[in-house]
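Please read the structure below before turning to the comments.
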Amino acid sequence: MAEEVYGPFASVEETVKAVDVLELEGYSNASITIFSHGEYADDINKRTDASVTSTETSRKREGTIRDKISTVIFNGVEETSNLSERLQEKGLSEKQAAKYAEKIKSGHLLVTVSKGLKMGNDAAEDSDTFGERVNRMNY
1 MAEEVYGPFA SVEETVKAVD VLELEGYSNA SITIFSHGEY ADDINKRTDA
51 SVTSTETSRK REGTIRDKIS TVIFNGVEET SNLSERLQEK GLSEKQAAKY
101 AEKIKSGHLL VTVSKGLKMG NDAAEDSDTF GERVNRMNY
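Residue numbers (the UniProt record's numbering): 1 to 139.
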């Protein structure tokens, strides 16, 4: 299922506001991904709980292999050299992915959200027994 796309946004502030609104609408941070140019990735990661995918390594995160592994694990910023491919994995067409990848590389930010992972969308709600007692006593 294709994810919904929000943006591109011209600033970190606009992006953070969009993520805040999505979270207020009930989307979990696990369903939200922010695609960012490397220079903004650390700032966005500090200001949101959403996952961040970056086009390149921030200067702050350059260093030894050990530093890079530690930072990625604890910082939550995923780096990719093929942004277009990552966007296609989110359900965008090849043409859309190429267009948005260029925008992101030029400094814009993009937010994707999996609509199926909205809080309150419990699979049990579709069940015929939702709200009924499971253990019935027949006397």
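Here a beta-carbon is modelled for each residue, glycine too, at the ideal position from N, C-alpha and C.
Going by beta-carbon coordinates alone, are residue i and residue j separated by less than 8 Å?
i    : j   : result
V111 : G38 : no
A50  : I34 : yes
S54  : E79 : yes
L24  : I32 : no
Can you tell me which of the options puts its alpha carbon nearest to the alpha carbon of residue i?
i    : options             : result
N45  : L92, A101, L109     : L109
S36  : L22, E13, E25       : E13
E102 : V113, G91, E85, E89 : E85
D43  : G26, T15, S28, K99  : T15
A30  : R47, V52, Y40       : V52
Apart from the five residues on each side of it in sequence, which residues of its chain come closer than 6 Å, Cβ to Cβ, to residue i?
i    : result
K115 : E4
G107 : H37
G91  : A2, E3
Just curious, the beta strand (DSSP E) that residue i is in, first and last residue?
i    : result
S51  : 51-54
E4   : 4-9
L110 : 109-113
By the DSSP assignment, the alpha helix (DSSP H) with residue i in it spans what residues?
i   : result
L87 : 83-89
T33 : It is not in any alpha helix (DSSP H) - T33 instead sits in the beta strand (DSSP E) that spans 32-36.
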